[in-house]
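Asker: For the sequence shown, the UniProt record's numbering assigns the number 1 to the initial residue and increments by one for each residue that follows. Built from N, CA and C at the ideal position, the CB exists for glycine as well. Values in this document were obtained by computation on a predicted structure and should not be read as measured data.
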Amino acid sequence: MKFMMLVIADPTLYSEEETPITVDEWVQEYDGSGVRLDGERLRPPSAAKTVRRRNGKVTVTDGPFAETHEWIAGFDILECESLEDAVAVATRHPMATHGTIEVRAFWPFEG
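1. How do the segment 26 to 37 and the segment 101 to 109 stand: do at least 3 beta-carbon pairs fall below 8 angstroms, yes or no?
2. Out of His93, Arg52, Gln28, which one is the CA nearest neighbour of Ala73?
3. Going by the CB atoms, is the gap between Ile77 and Asp38 shorter than 8 angstroms?
4. Beta-carbon separation of Glu102 and Leu6 under 8 angstroms?
5. When DSSP builds the beta bridges, which residues end up paired with Asp38?
6. From what residue to what residue does the alpha helix (DSSP H) around Thr91 run?
7. Whose C-beta lies closer than 6 angstroms to the C-beta of Val51 among residues of the same chain, with five residues either side of it excluded?
8. With a cut-off of 8 angstroms on the beta carbons, I'd call Gly99 and Ile21 a contact; round off their distance for me.
9. Provide the residue span of the alpha helix (DSSP H) that contains Met95, from first to last.
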């Protein structure tokens, strides 16, 4: 099964806890095992554009849709046997210590 792992940063959080491994080590470990299919860092929300279409009118604004301290800092696409396996992979990511990791199964279109 494919899973999207969203890496969420929150600059208001502070933790002195050591991360189990570095991001580079995490990428090497899971790229090497075939679990991590793809992934990238994302530019900060200040570089984002939000697009809306309402009643035929398109509006493009700077920044994220929601006002929040948290922001999506990156993503990874995982191939795992189960949600539990994907969660186990996410627990080793350094941002699980200093941010939040959200894991969701892909929901393919049918037909």
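Answerer: By the coordinates alone:
1. no
2. By 1-based counting over the sequence shown, the position of residue 73 is 73. Taking only the C-alpha atoms, the option nearest Ala73 is His93.
3. As a working mapping, residue 38 is identified with position 38 in the sequence shown. As a working mapping, residue 77 is identified with position 77 in the sequence shown. Yes.
4. Along the sequence shown, one-based indexing puts residue 102 at 102. Along the sequence shown, one-based indexing puts residue 6 at 6. Result yes, Cβ atoms of Glu102 and Leu6 sit closer than 8 angstroms.
5. By one-based count along the sequence shown, residue 38 stands at place 38. Ile77, per the DSSP bridge assignment.
6. In the sequence shown, residue 91 corresponds to position 91, counting from 1. If you look at Thr91, you'll find it in the alpha helix (DSSP H) that goes 83 to 91.
7. For the purposes of this step, residue 51 is taken as the residue at position 51 of the sequence shown. So the qualifying residues of the chain are Val60.
8. Against the sequence shown, residue 99 aligns to sequence position 99. Against the sequence shown, residue 21 aligns to sequence position 21. Not quite, the Cβ-Cβ distance comes to about 15 angstroms (not below 8 angstroms), so this is no contact.
9. Here residue 95 refers to the residue found at position 95 of the sequence shown. Note, Met95: alpha helix (DSSP H), 95 to 98.
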